[in-house]
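This report concerns only the one structure given below.
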Amino acid sequence: MNTKRGSRVSRRDVLRGGVCGAAGLVIGSGLLGRAEAAAPTGKAKSVIQLWMWGGPPHLDTFDPKPDSGEPYHGPLGEVVETNVPGVKINAALPLLAQQADKYSIIRSMTHGINGHETAAYITQTARNAGGRTVYPSIGAVVSLFKGYKAGYKGLIPPYVVLTRPQGRFSEAGFLGSSYKPFATGGDPARPVFIVEGIAAPGISRERQELRRGLLHKLDALNGSLKGNPKLAALRKCEDNAYDLILGEAGKVFDLSGEDQELREQYGLNTFGQSCLVARRLVESGIPYVTINYGGWDTHKENFKAMRTKLPQLDGAMATLLQDLSDRKLLDSTIVWWGGEFGRTPKIAWGSPWNGGRHHFGACFSSVLAGGGFKGGQVVGESDAKGETVKERPVYPCDVIGSIYEQLGIDPDGTLPHPQNQAIHLTPRKDEGYKMGGRLNELV
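Going left to right, the sequence shown walks through residues 1449 to 1891 as the working numbering numbers them.
Structural data, given as structure tokens:
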């Protein structure tokens, strides 16, 4: 497995590669024509993945254990009734409690892996780490089948990460660099969202236009070599790049026209404004958007971190669900919340942890909403202290396969491989993977 950090599409890649026709690069490699999948029949068109990098604590969020005792729940032992009778979540999420009819909670996620790299890999690819094959992430696969293979023509690549790459593994895997996510960089909570390859600090629109004019004045070859196909391709690349920088496509990242009250409801912080940008991206037709929300690796002082992170999560995610619903986008947009694992139910109170929670892959929670998934449901159950799966284990391949189905992608179909190996989108039973079965109870 390639665990090189910072794998992404750079500013140069966007201006020279993506906007020059990433689909053409893929078709030219011969990969696109060999992809196999069922014709799209699913209800969903897009995915917004709320990736809680580091692993969110399930007891402090969607699987509270108020009767587990102070050594387990700590200062976050209270629960709140949701708008779905019988479903309770942590009292630190009161806004999400009022949106519970829009999402379903999986309380029996498991893979048993406690390392960030290997847990992130299986959670994002449905495959175990190791071996010679580096599998693509779900975002890369969706960008193939719902993006390039489906005739996607947008200037913004079909797989976007806000704001920095997830790292930990190569998201594109054997599909190749054309399927890496476009990582925006920047911070949408700042007055100007400096998106890599689209905006630059201190460079106004007028200055960009002057730069383009100067470029044309210095272009001595254009007049003498008219009709040259290579120069024509370069000019097309330039036109696409400036359409992205100065035209309508890049405006999707500009939040200045959004209602200020709505921006405040999302939260005037990086995660909140990223959720707003994600809504704008799927509204514009981007198939897969990941929000990489870090800071959940709370080995030390977990509850101090939760005082900041839980209100941000609560406001942003609740507003995102309501906003998508109001705009009639929730039915066609899957919202997937979770991380690579959970955190230890029993709190590490001693020094140097001072109330920390460690990595925990035995049992944790995920949330699914929209895109054909039912809301107001709870799948599976953990034991009284949240330490083991009590009922209905759910594995990463079950979740990813179910998401593919809702997108109209056949999870049993095959992926294009550079050596023509028969690689299925999700593992089959004869490959030795543990499976709990697709989430049929949610569709």
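The C-beta atom is built at its ideal place from N, Cα and C for all residues, glycine as well.
For residue i, I'd like the list of residues in its chain whose CB is within less than 6 Å of its CB, leaving aside the five on either flank, ordered along the chain.
i: Tyr1551; result: Val1815, Ala1817, Gly1823
i: Thr1767; result: Gln1713, Tyr1714
i: Tyr1600; result: Pro1606
i: Tyr1736; result: Val1495, Gly1587, Val1590, Ser1591, Tyr1607
i: Ala1574; result: Pro1844, Cys1845, Ile1848, Thr1874
Report the three-state DSSP secondary structure of residue i (helix, strand or coil).
i: Leu1480; result: Annotation note: pLDDT 45 at Leu1480 (below 50); position unreliable, no value reported.
i: Arg1638; result: coil
i: Lys1513; result: coil
i: Val1725; result: helix
i: Val1643; result: coil
i: Gln1497; result: strand
i: Ser1626; result: helix
i: His1521; result: helix
i: Val1891; result: coil
i: Val1815; result: strand
i: Leu1777; result: coil
i: Ala1568; result: helix
Using a Cβ-Cβ cutoff of less than 8 Å, which residues in the same chain neighbour residue i once the five nearest sequence positions on both sides are dropped?
i: Ala1470; result: Interpretation of Ala1470 is limited by its pLDDT of 41, a score under 50 that renders its predicted location unreliable; no figure is taken from the coordinates.
i: Val1527; result: Pro1512, Pro1514, Lys1536, Ile1537, Asn1538, Ala1539
i: Val1643; result: Thr1632, Gly1633, Gly1634, Gly1698, Phe1701
i: Gly1804; result: Thr1746, His1747, Lys1748, Glu1749, Asn1750, Ile1795, Ala1796
i: Asp1762; result: Ala1540, Leu1541, Pro1542, Leu1543, Leu1544
i: Pro1800; result: Lys1748
Which one or two residues does DSSP pair with residue i in a beta bridge?
i: Tyr1607; result: Tyr1736
i: Phe1808; result: Gly1790
i: Glu1829; result: Glu1839
i: Glu1529; result: Lys1536
i: Tyr1741; result: Met1500
i: His1872; result: Thr1862
Compare the C-alpha of residue i against each of the options and name the closest.
i: Asp1878; options: Trp1744, Glu1889, Asp1860; result: Asp1860
i: Thr1903; options: Pro1677, Ser1704, Pro1613, Leu1890; result: Here the chain has residues from 1449 to 1891 only, and residue 1903 is not among them.
i: Glu1889; options: Gly1856, Gln1825, Tyr1852; result: Gln1825
i: Phe1701; options: Asn1717, Arg1727, Glu1709, Leu1710; result: Arg1727
i: Val1609; options: Ile1554, Pro1629, Thr1530, Arg1638; result: Pro1629
i: Ala1810; options: Val1532, Glu1835, Gly1819; result: Glu1835
i: Ser1773; options: Glu1529, Thr1862, Ala1548; result: Ala1548
i: Leu1603; options: His1506, Leu1729, Glu1853, Pro1504; result: Leu1729
i: Gly1884; options: Arg1840, Asn1868, Ile1871, Lys1594; result: Arg1840
i: Arg1504; options: Phe1812, Trp1801, Asp1762, Gly1624; result: In the sequence under discussion, the amino acid at residue 1504 is Pro, which differs from the Arg named in the question. Minimum Cα distance to Pro1504 is reached at Phe1812.
i: Glu1853; options: Gly1819, Leu1778, Pro1759; result: Gly1819
i: Arg1775; options: Ile1851, Thr1756, Lys1757, Leu1724; result: Leu1724
i: Phe1641; options: Asn1802, Thr1718, Met1754, Gln1867; result: Thr1718
i: Asp1858; options: Arg1876, Leu1716, Gln1572; result: Arg1876
i: Glu1731; options: Pro1636, Lys1833, Leu1777; result: Leu1777
i: Val1827; options: Lys1757, Leu1524, Ile1553, Gly1534; result: Ile1553
Kindly list the residues whose CB is nearer than 7 Å to the CB of residue i, restricted to its own chain and excluding five residues on each side of it in sequence; keep chain order.
i: Asp1831; result: Lys1838
i: Ala1620; result: Pro1584, Ala1588, Tyr1627, Lys1628
i: His1806; result: His1747, Arg1791, Thr1792, Ala1796
If you pair each beta-carbon of the stretch 1779-1788 with each one of the stretch 1502-1511, do three or more pairs fall below 8 Å? Touching, yes.
Between the stretch 1554-1574 and the stretch 1531-1543, can you find at least three pairs of beta-carbon atoms closer than 8 Å? In this structure the stretch 1531-1543 does not lie against the stretch 1554-1574, because fewer than three pairs of beta carbons, one per stretch, are closer than 8 Å.
Give a yes or no on contact between the stretch 1498-1508 and the stretch 1735-1754, applying the rule of three or more CB pairs nearer than 8 Å. With a cut-off of 8 Å, the stretch 1735-1754 and the stretch 1498-1508 count as touching, because enough Cβ pairs lie within range.
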